[in-house]
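For reference, the structure is listed below as structure tokens.
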Amino acid sequence: AANNNNNNNNELDTDVLIDGKSKRQLALEKAENAQDESTSDMYKEYATFLGTLRADVTQDESGSYSSYLDKDEWYERDRLAHVEKLKAKKKKIFGTLLDNIE
Numbered sequence: 077a078a079n080n081n082n083n084n085n086n087e088l089d090t091d092v093l094i095d096g097k098s099k100r101q102l103a104l105e106k107a108e109n110a111q112d113e114s115t116s117d118m119y120k121e122y123a124t125f126l127g128t129l130r131a132d133v134t135q136d137e138s139g140s141y142s143s144y145l146d147k148d149e150w151y152e153r154d155r156l157a158h159v160e161k162l163k164a165k166k167k168k169i170f171g172t173l174l175d176n177i178e
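Be aware that the sequence shown starts at 77, since it is given in this note's numbering, and climbs by one per residue.
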């Protein structure tokens, strides 16, 4: 899956340069134009992820908005993976409220 995301990211980088659109906009367009549902879902998920990187979602990307305020993709992916590991570890240690109830 990571390799697939890298291919999508490279493809979107190229389209950003050509079309002057954001990666998120292009991912949403690709989701809309996808031939199958799984590809569409993949692009929608990626667009949602890209949306979480924005420091200020009220600013559009043209004009005075500085993308240097945004989170880096690699950082956010690592952070989310770490959060998932902690959730799994916490659940493993503490279980749920319904454990040992008969």
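Glycine is no exception: its CB is placed at the ideal position from the N, C-alpha and C atoms.
- Here A103 is near A123, since their CB atoms are less than 8 Å apart.
- Check the Cα spacing between L126 and each of D117, K168, S98, T115: the tightest is with S98.
- Residue environment analysis places K106 among the buried positions, since at least 16 neighbouring C-beta atoms fall within 10 angstroms of its C-beta.
- Beyond the five residues adjoining it in sequence on each side, E108 comes within less than 8 Å, by CB distance, of S116 in the same chain, given in chain order.
- It is roughly 22 Å from the alpha-carbon of E149 to the alpha-carbon of S114.
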